[in-house]
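Heads up, the thing below is written out as structure tokens.
2 protein chains.
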Amino acid sequence: MPLNKEIQPGDNDELTRERLQATFDTQQMAAVLWDSDLARKRRELAKKVDKLTVLHDSKDMAFMTREEKLSENARKVVQMFAHMADIVEDPSDYAEVFHLSCNAIGHEGHPLAVHFVMFIPALQAQADDEQKEKWLMPALSLQLIGTYAQTELGHGTNLRALETTATFDKATDEFVIHTPTVTALKWWPGNLGKSSNHAIVSANLIIDGKAYGHHNFMVQIRDENTHKPLKGITVGDIGPKMAYNASDNGFLGFDHHRIPRRNMLMRHAKVDKNGAYTKPSHAKIGYSAMVHVRSVMIGHQGMFLGAASTIAIRYSLVRRQGEIKEGSGEVKILDYQTQQHRLFPQLARAYVFMFAGKEVRELYQKVLNDMEKGETTLLADLHALTSGLKSVVTHLCGAGMEQCRMACGGHGYSRASGIPEIWGVAVGGCTYEGENMVMLLQLARYLMKAVKEAKKGRSLGRLVDYLLLPQDKHSLIGRVPQGEYGPHLAAFEHIARRQIFKVADELAKLQDRGMSKEIAWQKKAVELQRAARLHTRFYLAACFHRKVQSVVDGRIREALADLYHLHLNYELLDMVNYALEDAYLKADQVDFIREDMYRLLETIRPSAISLVDAFEFTDRELRSVLGRRDGHVYENLYKWAKESELNRADVRQADLQTV
Amino acid sequence: MPLNKEIQPGDNDELTRERLQATFDTQQMAAVLWDSDLARKRRELAKKVDKLTVLHDSKDMAFMTREEKLSENARKVVQMFAHMADIVEDPSDYAEVFHLSCNAIGHEGHPLAVHFVMFIPALQAQADDEQKEKWLMPALSLQLIGTYAQTELGHGTNLRALETTATFDKATDEFVIHTPTVTALKWWPGNLGKSSNHAIVSANLIIDGKAYGHHNFMVQIRDENTHKPLKGITVGDIGPKMAYNASDNGFLGFDHHRIPRRNMLMRHAKVDKNGAYTKPSHAKIGYSAMVHVRSVMIGHQGMFLGAASTIAIRYSLVRRQGEIKEGSGEVKILDYQTQQHRLFPQLARAYVFMFAGKEVRELYQKVLNDMEKGETTLLADLHALTSGLKSVVTHLCGAGMEQCRMACGGHGYSRASGIPEIWGVAVGGCTYEGENMVMLLQLARYLMKAVKEAKKGRSLGRLVDYLLLPQDKHSLIGRVPQGEYGPHLAAFEHIARRQIFKVADELAKLQDRGMSKEIAWQKKAVELQRAARLHTRFYLAACFHRKVQSVVDGRIREALADLYHLHLNYELLDMVNYALEDAYLKADQVDFIREDMYRLLETIRPSAISLVDAFEFTDRELRSVLGRRDGHVYENLYKWAKESELNRADVRQADLQTV
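First to last, the protein sequences are chains R and Z.
Position one of the first sequence corresponds to residue 271 (this note's numbering), numbered consecutively onward.
Position one of the second sequence corresponds to residue 271 (this note's numbering), numbered consecutively onward.
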């Protein structure tokens, strides 16, 4: 049995020969990437989906209108829930259900996505017991389909400026929900436009003329039977987007719409019938939901980049173009150093982003457990970490996936490659759940606090312990025996620490000169972001290091170490100016890093296909003609094209009429 | 009369106040960007298009299926030609007609695009007089609609490997055009799928069993009356792409399809009825068409980035989010340093790319004139220059436009922003007309030749003269009076020269150690690309310098100089490691560059809107709700959304049935 488990009879010979070079067991590597339990579950559920034709794409979504996409995925999601118990081992296991959804539905959205991912969790977290009694069962049985309506046309990031109002009317014991301006329209919530009949609406609570800030309210928006919008409610779809076009992101406006007082979610804050307001026990409570989404996002982004890498690397082993030596025959494009340099660093990033996702989810679980005990100290650490990771990871994923797409040449540009759609989905993450630039500044704020503590010899949290350590003057890269990468990781640490202290000093200097704290912050905002990025990239490198150390199997560890070392070299070169500025690194050391990087590209080359096969994406999940497991690309591109909507008739009637 | 000419009554006050701060005349700046004659023509044709409702979008293309897009743009292009004489001053002026097309049709393609841009020019350049007589008039009068079919499913960049054959049959005086494999299918040609009835087909010429390489053949593919594919011909659309979906890029296969011998385009190479082959007078002849497209591309890419900058900067002056000082009110997002740092460098690039486009088109014209006289020495220079520019400019445009889109937050992700579509169009340029990675290596080859000459004290061409100059040891940045930027430009030159010589030395060393030239090249491919990029970025900076110097009006020159200095600082920081490695720059100088960059962001801030207004894009052309000249963004986003295809009915029938 070959080590690469993706080999099947009838495959493109080129790929089989590549796969026979595997130095490690791809299923064992999958267990490292996904955890062994989940890796097994993914394989098993994929087999079951294969047999259930009701869960198969009726045609490629790229050939569909938005109407058709919505219908297709509504059909799928209903079928998915109908068969859930037969397919997954544990329907309450979020990760397992997610992977079922990747196979059956994909990433363009479906009418119940926000219902399950945000509406029900928000009910669970924010409704009191009586409210749960009332709404949770109907929601679970899909009588009541809900969305979560927070963002408005005029405001996203700055929640305090949301304009929708919920004014308490003591006389009738009701809230009056109102949209005072066009900019106050709820805008963007998923599944709001057409699918949902209820929404949890964020609105500024007003009692006796006093504003209490935004709180959440359960509002029915459409009739349960006719599905028509209720009186006083304006609702619709916000129109086509870059991706996610099977989701009906919507707008929502209220004309003095009345709801019972008890429709305010009252687990934490409360309003009684006399209009007396009780504030939540502590302010950070709302926080954890967003942190949760961010912690899940990191791993998903890694998965998206992994999918794009899989497509590009497999295709680069099928595609031959040009000769390295004239007359010696065309070579696989992955044999070019330039192609390796384009793709392998993205592959390494996909790996480390998945590892970081796992670490962050574990930390989140720990924070949750702590919070149950009333302990919230780690929450600020987690918030800072996820803010930085969310921003750095989504940015690098977007840019990396574009590299993967372009590495596929012209065919990467076709929707048949599958990359344009997942790229569109992935880059949405740069904006939602906290805009990246704002997130970096939130981490920077934490880092500046950490500097203050460090100067007093104290650490603000485990993740910034390294700020207490002294700086080395010179790097040991290239001065220690070949194969030792400790100095590389130390360089990440050095660079991050230097920039963090440097910008802290600069801020202090500006304030010493009489500038206000806010203006100084504004003048150093870009440098603060740089500090946040460098801190995060150090975290990522260290996370990769921890993962490699934790692997027992020698062959897996060796393959992983090659990727890790490539990552160290590549990322270090990308930020090397920071280490050159204070002469921590010398020119010969930079050359050493470069040469070692080029060497590693060659080392990784024979394992490339096995490293991507280890993600174990099914063809059904990848939805890519270029990235097919069997490597039969060209004949299937032709087959795919023939199914395109424009080929339904040989001659377009319009061509005869107008031209 | 205010200096900013875009002010109109009824505009959003925020924008009017911004525009009143203009320090220069926006129409004068437009004359610098477009040339005064073209700037005037653009304004005049836009007014005429405003009055011609047949040239207006019937609805936003984002709401259309591909079928509808094709029909819409077929309608438009017919109307455009019908009214051409009333709208443009000179229908033979490519630039004027292009801008008409930007207003009336946009960038998603139309059924006659390749017909005019490639088919007719190819006929003009490659058909002999008798052939022109036969085909040119029918083509100009649209009896015959043609495309240019070169790329195949299996081969793009490596033209020598194209598989389609044209075998001469002496007995019948015909060529037999044949597609021997699936990978030999013609794939990608624009307008091939549905619209064209003729194609100029690139095929490997075979006479008496001997292959003569690829030549061009005129092939009728569809019946002129029924528009049905002819017997022996398989043709169709290749399916949806990231963008350009109003273009029917197609596939085309031949089953031993016969055409008369005289359908080979015979201006240069010839085959007589006895099968005797005459080769073209010189090999570089086919070259110039591709160089032409590339030289036009540079300016267009600058225009795309300019459009994205216009959208993002205008929107950033309408959008308010967050407070710099608590309680002082929400600020325009362009007031944040982070937003300025995200957008202004893109704006500066848009300017310099447009300037470079103009320089390159002028050089192309000079080369053409020279070629008429049989002089081809400059052609290699031009080819090298356009190869580098094409690659660097398309890459930076793609990344820059993504920054512009993300700078618009969530609404940037909506198709209403207009950026996703033009981004999709622009990034296509990374691949077509020569894949970027390959293009960089072509420039690198030229640079390595130039080093050899330089070592003998000779210059290979004007653009590499600087290789003959000695290297300075230390930069004068920050050591000369403030406001002098000569040392910055010198740093670009220094960095490029150092990397070019460094990689040349490394190549030589590998060969000295016995490595073959080809393998050494392959081992240094990434470093060679770096050399090509640095050379090109030096060219761009120098081009910006030349432009600023050439401006007479003091106020225009001052505004332009600020952008130029920002460009110098920003780009230099992006490549600063190369200058730190050999201690050409010191840490304090890098800090100086940073501080100066942040200072310039503040300087440019009040002029930002006038700098984008100077592009004089009409709303019709921008097709962006966020980028509207009048700044009335929110009410129009709402209006736009209501027109979305999913809002045709309040309730989707499918929602009632499936959920």
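Even glycine gets a Cβ: it sits at the ideal position worked out from N, Cα and C.
Keep in mind the model is a prediction, meaning the values are calculated, not measured.
What is the DSSP secondary structure of residue 417 of chain Z, counted as helix, strand or coil? For this step, residue 417 of chain Z is matched to residue 147 along the second sequence. Residue state, collapsed to three classes: strand.
Any idea what DSSP makes of residue 921 of chain Z, helix, strand or coil? As a first step, residue 921 of chain Z is located in the second sequence; it is residue number 651 there, counting from the start. Three-state result, residue 921 of chain Z: coil.
Chain Z contact for residue 570 of chain R (CB, 8 Å cutoff): Position 300 of the first sequence, counted from the first residue, corresponds to residue 570 of chain R. False, the Cβ-Cβ gap to chain Z never drops below 8 Å.
Any beta carbon of chain Z sitting closer than 8 Å to that of residue 293 of chain R? The sequence position of residue 293 of chain R within the first sequence is 23, counting from 1. Output row for residue 293 of chain R: interface = no.
Is the beta carbon of residue 815 of chain Z closer than 8 Å to that of residue 855 of chain Z? Against the second sequence, residue 855 of chain Z aligns to sequence position 585. Against the second sequence, residue 815 of chain Z aligns to sequence position 545. Cβ atoms of residue 855 of chain Z and residue 815 of chain Z: not closer than 8 Å.
Provide the residue(s) that pair with residue 523 of chain R in DSSP beta bridges, ordered along the chain. Along the first sequence, read from residue 1 onward, the residue named residue 523 of chain R stands at position 253. Partner(s): R:504.
DSSP has residue 809 of chain Z in a bridge; who is on the other side? As a working mapping, residue 809 of chain Z is identified with position 539 in the second sequence. Answer by DSSP bridge pairing: none, since residue 809 of chain Z is not bridged.
My assumption, with CB atoms under 8 Å, is that residue 720 of chain R sits in contact with residue 734 of chain R. Please give the rounded CB distance. Start at 1 with the first residue of the first sequence, and residue 720 of chain R comes out as number 450. Start at 1 with the first residue of the first sequence, and residue 734 of chain R comes out as number 464. That belief holds up - the Cβ atoms of residue 720 of chain R and residue 734 of chain R are roughly 4 Å apart, short of 8 Å.
Members of the region 890-911 of chain Z that neighbour chain R once the beta carbon cut-off is set at 8 Å: 904, 905, 907, 908, 910, 911
Nonlocal neighbours in the same chain, by C-beta distance under 7 Å from residue 810 of chain R, ignoring five residues either side: Reading the first sequence from its first residue, position 540 is the one you call residue 810 of chain R. 622, 626.
Contact list for residue 594 of chain Z against chain R, beta-carbon separation under 7 Å: Walking along the second sequence from the start, residue 594 of chain Z turns up at place 324. Those within 7 Å of residue 594 of chain Z in chain R are 788, 792.
Touching by the beta-carbon criterion (3+ pairs, under 8 Å), the region 569-587 of chain Z and the region 659-674 of chain Z: yes
Determine which residues of the region 331-350 of chain Z have a Cβ less than 9 Å from any Cβ of chain R, and write them out in chain order. 332, 333, 335, 336, 337, 340, 341, 344, 345, 347, 348
Going straight from the alpha carbon of residue 739 of chain R to that of residue 808 of chain R, what length do you get? By one-based count along the first sequence, residue 739 of chain R stands at place 469. By one-based count along the first sequence, residue 808 of chain R stands at place 538. Approximately 15 Å between the Cα atoms of the pair.
Please list the partners that residue 659 of chain R has in chain Z, where partner means a Cβ-to-Cβ separation under 8 Å. Sequence index remark: in the first sequence, residue 659 of chain R carries index 389 (1-based). Within 8 Å Cβ-Cβ: nothing; residue 659 of chain R doesn't reach chain Z, min ~17 Å.
Residues in the same chain with beta-carbon distance under 7 Å from residue 899 of chain Z, minus the five sequence neighbours each way, listed in chain order, please. As a position in the second sequence, residue 899 of chain Z is number 629, starting the count at 1. Result list for residue 899 of chain Z: 276, 889, in chain order.
Compute the beta-carbon to beta-carbon distance between residue 422 of chain Z and residue 432 of chain Z, rounded to the nearest angstrom, for a pair I have assumed lies under 8 Å. Taking the second sequence and counting its residues from 1, the one referred to as residue 422 of chain Z is at position 152. Taking the second sequence and counting its residues from 1, the one referred to as residue 432 of chain Z is at position 162. Right, the Cβ-Cβ distance comes to about 6 Å (below 8 Å), so this counts as a contact.
According to the Cβ coordinates, are residue 715 of chain Z and residue 737 of chain Z closer than 8 Å? In the second sequence, residue 715 of chain Z corresponds to position 445, counting from 1. In the second sequence, residue 737 of chain Z corresponds to position 467, counting from 1. Taking 8 Å as the Cβ cut-off, residue 715 of chain Z and residue 737 of chain Z do not qualify as a contacting pair.
Would residue 378 of chain R and residue 343 of chain R qualify as a contact pair, given that the criterion is a beta-carbon distance under 8 Å? Taking the first sequence and counting its residues from 1, the one referred to as residue 378 of chain R is at position 108. Taking the first sequence and counting its residues from 1, the one referred to as residue 343 of chain R is at position 73. In this structure, residue 343 of chain R lies closer than 8 Å to residue 378 of chain R by Cβ.
With which residues is residue 475 of chain Z paired in a DSSP beta bridge? One-based indexing of the second sequence puts residue 475 of chain Z at position 205. Looking at the DSSP assignment, residue 475 of chain Z forms a beta bridge with Z:436.
Residues sharing a beta bridge with residue 548 of chain R, DSSP: Numbered from its first residue, the first sequence carries residue 548 of chain R at position 278. Its beta-bridge partners are R:540.
Helix, strand or coil at residue 277 of chain Z according to DSSP, with G and I counted as helix: As a working mapping, residue 277 of chain Z is identified with position 7 in the second sequence. Residue 277 of chain Z: coil per DSSP, three-state reduction.
Own chain residues within Cβ distance below 6 Å of residue 540 of chain R, not counting five before or after: Numbered from 1 along the first sequence, position 270 holds the residue referred to as residue 540 of chain R. Cβ neighbours of residue 540 of chain R beyond the five flanking positions: 548.
With a Cβ-Cβ cutoff of 8 Å, do residue 764 of chain Z and residue 853 of chain Z count as a contact? Working through the second sequence from its first residue, we reach residue 764 of chain Z at position 494. Working through the second sequence from its first residue, we reach residue 853 of chain Z at position 583. Going by C-beta atoms, residue 764 of chain Z is not nearer than 8 Å to residue 853 of chain Z.
State yes or no: is the beta carbon of residue 846 of chain Z nearer than 8 Å to at least one beta carbon in chain R? Mapped onto the second sequence, residue 846 of chain Z falls at position 576. Yes, contact with chain R.
Under 6 Å Cβ to Cβ from residue 618 of chain R, same chain only, skipping five residues before and after it: list those, please. To locate residue 618 of chain R, count along the first sequence from 1; it is residue 348. Hits under 6 Å: 833, 836, 837.
Look at the alpha carbon of residue 288 of chain R and the alpha carbon of residue 876 of chain R, and state the distance between them as a whole number of angstroms. The count along the first sequence starts at 1 and reaches residue 288 of chain R at position 18. The count along the first sequence starts at 1 and reaches residue 876 of chain R at position 606. Rounded to whole angstroms, residue 288 of chain R to residue 876 of chain R spans 7 Å at the Cα level.
Rounding to the nearest angstrom, what Cα-Cα distance links residue 752 of chain Z and residue 774 of chain R in this structure? On the second sequence, residue 752 of chain Z is found 482 positions in, with the first residue counted as 1. On the first sequence, residue 774 of chain R is found 504 positions in, with the first residue counted as 1. Cα to Cα, the separation comes out at about 27 Å.
Compute the beta-carbon to beta-carbon distance between residue 577 of chain R and residue 692 of chain R, rounded to the nearest angstrom, for a pair I have assumed lies under 8 Å. The residue you call residue 577 of chain R lines up with position 307 of the first sequence. The residue you call residue 692 of chain R lines up with position 422 of the first sequence. With 8 Å as the limit, residue 577 of chain R and residue 692 of chain R qualify as a contact, their Cβ atoms being about 6 Å apart.
Short of 8 Å in beta carbon distance, which residues of its chain neighbour residue 290 of chain R, apart from the five on each side in sequence? Order them along the chain. Residue numbering aside, residue 290 of chain R sits at position 20 when the first sequence is read from its first letter. These residues qualify, in order along the chain: 272, 274, 277.
If the cut is a Cβ gap below 9 Å, which residues of chain R does residue 607 of chain Z touch? Within the second sequence, the letter at position 337 stands for residue 607 of chain Z. Correct list: 792, 793, 794, 795, 796.
What residue range is occupied by the uninterrupted alpha helix (DSSP H) comprising residue 368 of chain Z? Start at 1 with the first residue of the second sequence, and residue 368 of chain Z comes out as number 98. 364-374 is the span of the alpha helix (DSSP H), which, as asked, contains residue 368 of chain Z.
Does residue 778 of chain R come out as helix, strand or coil in the three-state DSSP assignment? By 1-based counting over the first sequence, the position of residue 778 of chain R is 508. Residue state, collapsed to three classes: helix.
I'd like the list of long-range same chain contacts for residue 797 of chain Z, defined as Cβ closer than 6 Å, with 5 residues on each side in sequence excluded. Numbered from its first residue, the second sequence carries residue 797 of chain Z at position 527. Excluding residues within five positions, the ones whose Cβ falls inside 6 Å are 773.
For the region 896-911 of chain Z against the region 311-326 of chain Z, do three or more pairs of beta-carbon atoms, one drawn from each stretch, fall closer than 8 Å, so that the two count as touching? no
Span separating the alpha-carbon of residue 673 of chain R from that of residue 794 of chain Z: Reading the first sequence from its first residue, position 403 is the one you call residue 673 of chain R. Reading the second sequence from its first residue, position 524 is the one you call residue 794 of chain Z. Each residue's alpha carbon lies about 20 Å from the other.
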